[in-house]
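Chains as they are written, first to last, in this note's numbering: chain V, 1 to 232; chain Z, 1001 to 1232; chain Y, 2001 to 2232; chain F, 3001 to 3232; chain R, 4001 to 4232; chain P, 5001 to 5232. Notes to accompany the following structure.
Number of protein chains: 6
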Amino acid sequence: VTSRVVVGPPRAPADVVKTLYECGVATVHEVLGRRGLLGDQLRPLRPGARTAGTAVTVLCAPGDNLMIHVAIEQTRPGDVLVITTTSPSRDGYIGGLLVTSMVAHGVVGVVTTTGVRDVAEIRKMEFPIWSRHISAQGTVKATAGAVNLPIAIAGTSVAPGDVVVADDDGVVCVPRKQAQSAAAAAVARTEKEAEVREILRSGTLGLDHYGMRPLLERLGVAYEPASDEGDR
Amino acid sequence: VTSRVVVGPPRAPADVVKTLYECGVATVHEVLGRRGLLGDQLRPLRPGARTAGTAVTVLCAPGDNLMIHVAIEQTRPGDVLVITTTSPSRDGYIGGLLVTSMVAHGVVGVVTTTGVRDVAEIRKMEFPIWSRHISAQGTVKATAGAVNLPIAIAGTSVAPGDVVVADDDGVVCVPRKQAQSAAAAAVARTEKEAEVREILRSGTLGLDHYGMRPLLERLGVAYEPASDEGDR
Amino acid sequence: VTSRVVVGPPRAPADVVKTLYECGVATVHEVLGRRGLLGDQLRPLRPGARTAGTAVTVLCAPGDNLMIHVAIEQTRPGDVLVITTTSPSRDGYIGGLLVTSMVAHGVVGVVTTTGVRDVAEIRKMEFPIWSRHISAQGTVKATAGAVNLPIAIAGTSVAPGDVVVADDDGVVCVPRKQAQSAAAAAVARTEKEAEVREILRSGTLGLDHYGMRPLLERLGVAYEPASDEGDR
Amino acid sequence: VTSRVVVGPPRAPADVVKTLYECGVATVHEVLGRRGLLGDQLRPLRPGARTAGTAVTVLCAPGDNLMIHVAIEQTRPGDVLVITTTSPSRDGYIGGLLVTSMVAHGVVGVVTTTGVRDVAEIRKMEFPIWSRHISAQGTVKATAGAVNLPIAIAGTSVAPGDVVVADDDGVVCVPRKQAQSAAAAAVARTEKEAEVREILRSGTLGLDHYGMRPLLERLGVAYEPASDEGDR
Amino acid sequence: VTSRVVVGPPRAPADVVKTLYECGVATVHEVLGRRGLLGDQLRPLRPGARTAGTAVTVLCAPGDNLMIHVAIEQTRPGDVLVITTTSPSRDGYIGGLLVTSMVAHGVVGVVTTTGVRDVAEIRKMEFPIWSRHISAQGTVKATAGAVNLPIAIAGTSVAPGDVVVADDDGVVCVPRKQAQSAAAAAVARTEKEAEVREILRSGTLGLDHYGMRPLLERLGVAYEPASDEGDR
Amino acid sequence: VTSRVVVGPPRAPADVVKTLYECGVATVHEVLGRRGLLGDQLRPLRPGARTAGTAVTVLCAPGDNLMIHVAIEQTRPGDVLVITTTSPSRDGYIGGLLVTSMVAHGVVGVVTTTGVRDVAEIRKMEFPIWSRHISAQGTVKATAGAVNLPIAIAGTSVAPGDVVVADDDGVVCVPRKQAQSAAAAAVARTEKEAEVREILRSGTLGLDHYGMRPLLERLGVAYEPASDEGDR
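Now the structure itself:
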């Protein structure tokens, strides 16, 4: 139960990260069998923000951001810091100075269950952060934690080197060993969706395109004309 | 207790919808006697979004958007889909494809107690949605529900054909049979507010314009000079 | 236990307010010893909003905005209204008309634990408001409360004449008698942060700049190479 | 939009109420097609509490319990007061004195989205209340509302005269005209469940009793032996 | 902004504490003009718990209970520890050992916005605690805070020496200098309520006893017979 | 991404489970280095409930309890079912019939992030359940999930065969391979705590017993006499 920092975990390859980035969170989540989301509480600081990278995981104590400093040393260009705490904390773990340091080391984003501060400055830097809270509350640097051990956020485990994709829809984690196949499946799904989009745009109903009418019949869905009864 | 789809309910007339749209949510809510709001948890995907239309109501199972496909077939141009679930669900019931289909059928907006996904795409389409959540989590299409039966959201009943008005302030539902008179009252209130706005802009106090000073006296409101006691 | 309105409390000086405004919420909160935040639930109506002013405090009954009208008469140019209620209320206490009246009297912002409405209009006026809720729900004007008595929001007391600073990071209250020294300390901290920013931008690690490595050793933080064991 | 009190609405018959009481909330909710619950936020003051009665509906202003006094006059023995507010309020709308008055008029329970106080006293009286909050915060008696108009709680409409059943599982509302048939169906379901209970008690699996194995096969559920891979 | 411990603040007299204890939270809150509640989120570990005492206030860092140890030394028999944190923390700040220590020093209760653990043991000891959370999560002892400085919980300031009364209805704080007069008023109110209780028990309506009928008329409350229209 | 059921995973040994049961959640969590808690939202149906067992993990779809039926077949006497969903669901996944079936197969408890129903019946059976919600809302049996794959609840991973300990303080998960050493450490800690308890009971301060005074000095904690300044 000592505090550990794992150095140099293998990362998913950069071209796979790039493909997953292009497909976006919702599509990647679908091809993972509707798994892998880090809940629906992590929101981007700026609408339209979007990133993907390999995870460096950080576990901090409540109200204490010491291990984020430790983690920055462990990052490589293209990494995303994924941060959580041993018990819930809404404090502002990350501000403009830490983001400046991250940018200097090639970090491409942050995902954190904590709060963030210096929001105006970070928005101006166009550095992408997904957080659960925004709070000016400062933190101390007194208690150890862990870097690059597996963590869990909202029902999903994140291991170092996994691919993290984040956009306006939230954040999804792709296990490193599934990343290649997920990327291929995501591209395929994206192409198929483009076709369906054209079909629906022409006015064809999803009911017909997806062939749902037999299902409705099986479920006993009954159509009936409106009466005046329901009027108020 | 079978699953029902009511076809062709009467709608409030389009000119009434247009008038209510112009008056906005807060004013319409006032002229309804401060009733009709669908709570304060439904937020627009884009700041500044605004719509009004006639309600097509949808009741879905948790994690299941089957009935939204069914509902689209029941829409007419100018309708707004109003969606809720039999038990709370934060999943992403609506994405870019469904919105494409809605646009193809003339739907002018969505109000839903669930989550929404493909948010970046929907924002780009400028399609107005009010939802309680944003989530990439996908849904299945397996369980029946209802279309165009009355539903309730946060203390307000919504019947098919009612007028739904939505803007940055939230969402209000006007019962179809009250829509005409509400529209007239809303126009009158809007005009009166324009006058009051000028009066207040000139520096006249609300206390004086609304004649509240006798009320303050009745309530025993006491004015006293500041002392140094309160200093810290 | 009668309803009281305190007239003419002393205010912090305008130049001190201006300095605190320039330093921003996070920095001011730091120099107060990480105190003074009004929680993390008060959010600005518009991203990028920013204000500072001297507090006029308002205590209202739930669902009743009478005392805000009373408070406006007590404001002076440069004041910020700080509003809370005797029990939690999410209603829309403030709308476009009240904001018009505030602007006419030189009020430079509102901080409220309640809801706000006419959001589109207020955004267009570029009047800065921090609120806990957005809601079209109207209020009555029937029950007395207090103006310019000390109130408390989320663990922080606010007295009339205190300096309130608000930006994207939240809202902080500086006790009037500490405002001068806090302003000086905030300027010093801002300057020091500018230096640190340059150091971190060059790639120097916070671990090294802040001299944290001895602490890590003391805490027993252990570095270890990655194994394949963690793979999934 | 005036304040209205509807006098003497028809009530569901007492024997039907009694049958529904005996079947309990979960069973009644099932036979309604899994509808009718007033959400999952209404909790009993005492574990084990249980009641059923005919609804007298009350709509109050936030922080104002005037209409509960009005409603008591409209009750008949065997009624349950069902109370909500025009905007959310956590205040203590009901205390020991009001409960004393209700008992004197034969009211058999209260269901309220507000708070309750004098909890120790009410528990001692063994009067059953389901509420969303417990709070000592007092209310005023200043604003009108409605009695015996339909209200909505958490997606379910409640009309005067409907049957309300409440126990440790929550609260369900049975529309008056469906009460008779629901009672019959609930009795049948209760009897069937007793048989199933014996079958499961003997060790028979639900998988077998309900014949779910073909469904599992259709869904592609795959059984596989444990490996050591999952070990940590 | 250093960490401070104030030694030996004056306490409200014991007989006043005893009287306020007997009157209970709801009544004391009423005679304070419906002020003084510490919100509605602090719940007793055991139903039926009840205490009153003089406040020793404690401000802790998140996830750090160091100052509670400091505070115990500052207690005198009859004190209640009132604990909050600089930012929200749900951790288990207090367990069986700390309670043992408190009992040894005559502390008569704890009120805390944090979590508590060893709940089964503390219940067995019949030591009264009101907390916002229950959590086994341990805390560290690393960061300074304050003892016997004024703190604020949910809109109410608590100063050392104030009287804190807690029961099933929540927690109320009586400023030390108002304690004597509040106690007298609370006794008077309790006696008056006993009379009203008898009147209501006899079946007299609150409408009549409190003379509310003219108010209803003024408010335009309209009585109307039920129609069949409302039937579903 | 198919649905999988892992058969016959290794379990932690029964004597280790028994020892961890006796030590309780807070102590076990401490010896794990303050890790392993399944958050603070899982509450027992009955105060005083307590269990420990080996985990059979279940992942269900929202509003669908099919996989619980599948899981019961995979249980052995002494197991605890640990249940979560792919997206949050508050529905009543478990009722009296399912509990009857579990008891017949020797299951010693349930931990679930969903809701539970038939609460009165389950309490009478004295079957221990920790859940996030109580809700009468029924579920369907239509969508596949997983049994005995690792799941995550509130930041903690749970693998099949891990030891789950639950009491009034919450729920903690001990990884199977750490269970033996955790049990030994927990016994040692329990014994040491018994000694400390006696020391504190005698009136010795924690400040002295734990030797904290030098830390306070280092942190700059200043003691000062009370003034009258703080009086209100």
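Even for Gly, the Cβ is constructed at its ideal location relative to N, Cα and C.
Check each candidate in the options and name the one with the smallest Cα separation from residue i.
i	options	result
A1052 (chain Z)	Z:S1131, Z:D1015, Z:H1105	Z:D1015
C4060 (chain R)	R:T4113, R:P4077, R:A4049	R:T4113
I4083 (chain R)	R:E4193, R:V4174, R:V4147, R:A4136	R:V4147
T54 (chain V)	V:G78, V:L42, V:I72, V:P47	V:G78
E2073 (chain Y)	Y:T2085, Y:L2032, Y:P2062, Y:V2056	Y:V2056
I5122 (chain P)	P:L5097, P:I5068, P:A5104, P:P5062	P:L5097
K5141 (chain P)	P:R5197, P:I5068, P:M5125	P:I5068
G2048 (chain Y)	Y:R2034, Y:G2033, Y:D2167, Y:L2081	Y:D2167
R2132 (chain Y)	Y:T2143, Y:I2151, Y:A2182, Y:Q2041	Y:Q2041
K192 (chain V)	V:C23, V:M125, V:R90	V:C23
V2108 (chain Y)	Y:D2064, Y:V2221, Y:S2227, Y:Y2021	Y:Y2021
L1219 (chain Z)	Y:A2194, Y:V2070, Y:S2227	Y:V2070
G63 (chain V)	R:R4076, R:V4080, R:R4090	R:R4090
Run the CB neighbour count on residue i, radius 10 Å, all protein chains shown included, and call it buried at 16 or more, exposed below.
i	result
V1223 (chain Z)	Reading off the sequence shown, one finds Tyr at residue 1223 (chain Z), where the question assumed Val. Counting Cβ neighbours within 10 Å, Y1223 (chain Z) comes out exposed, since fewer than 16 surround it.
S4202 (chain R)	exposed
T4100 (chain R)	buried
P4214 (chain R)	exposed
S3157 (chain F)	buried
R2034 (chain Y)	buried
Which chain R residues sit within Cβ distance under 7 Å of residue i?
i	result
T2084 (chain Y)	G4155
In its own chain, which residues sit with a C-beta less than 8 Å from the C-beta of residue i, not counting the 5 before and 5 after it?
i	result
A26 (chain V)	D169
P5010 (chain P)	G5161, R5176
I5199 (chain P)	H5209
Q3178 (chain F)	L3032
Between which residues of its own chain and residue i is the CB-CB distance below 7 Å, once the five residues before and five after are set aside?
i	result
R2004 (chain Y)	A2146, L2149
A4185 (chain R)	V4031
Starting from the beta carbon of residue i, find every residue of chain F whose beta carbon is closer than 8 Å, and list them in chain order.
i	result
G2078 (chain Y)	Simply none; closest approach about 33 Å.
D4168 (chain R)	V3119, A3120, R3123, I3134
Less than 8 Å between the CB atoms is what I'm expecting for residue i and residue j, so what's the real figure, rounded?
i	j	result
I5094 (chain P)	V5110 (chain P)	6 Å
Q5137 (chain P)	G5115 (chain P)	7 Å
C3173 (chain F)	V3187 (chain F)	19 Å between Cβ atoms; not a contact.
V1007 (chain Z)	P13 (chain V)	Contact doesn't hold; Cβ gap of about 54 Å is too wide.
V4058 (chain R)	A4182 (chain R)	So it is not a contact: roughly 24 Å between Cβ atoms.
Below 9 Å on C-beta distance, what does residue i contact in chain R?
i	result
K3018 (chain F)	In chain order: nothing, as chain R lies at least about 22 Å away.
Mind listing the chain Z neighbours of residue i? Cutoff is C-beta to C-beta under 9 Å, in chain order.
i	result
L2042 (chain Y)	Residues of chain Z passing the Cβ test: none, with the nearest at roughly 15 Å.
Could you list which residues in chain P have their beta carbon closer than 8 Å to that of residue i, in chain order?
i	result
I151 (chain V)	G5155
Cβ of residue i within 7 Å of any heavy atom in the ligand ATP?
i	result
L3020 (chain F)	Absent from the structure shown: the ligand ATP. Ligands present: none.
Could you work out which residues of chain F lie near residue i, taking near to mean beta carbons separated by less than 7 Å?
i	result
L5097 (chain P)	E3193, V3196, R3197, L3200
I'd like the list of long-range same chain contacts for residue i, defined as Cβ closer than 6 Å, with 5 residues on each side in sequence excluded.
i	result
P1044 (chain Z)	W1130
R1050 (chain Z)	D1167
D2118 (chain Y)	G2095, G2096
A1144 (chain Z)	S1003
If the cut is a Cβ gap below 8 Å, which residues of chain R does residue i touch?
i	result
S87 (chain V)	G4063, S4089, R4090, D4091, S4135, Q4137
List, in chain order, every chain P residue whose beta-carbon is nearer than 9 Å to that of residue i.
i	result
V1165 (chain Z)	In chain order: nothing, as chain P lies at least about 30 Å away.
Would you mind telling me which residues of chain Z sit closer than 7 Å to residue i, beta carbon to beta carbon, in chain order?
i	result
R3034 (chain F)	T1086
T5245 (chain P)	Any answer about residue 5245 (chain P) is impossible in this case: the structure gives chain P only from 5001 up to 5232.
Taking residue i as the query, report the chain F residues whose CB atoms sit under 9 Å from its CB, ordered along the chain.
i	result
I5072 (chain P)	L3205, G3206, L3207
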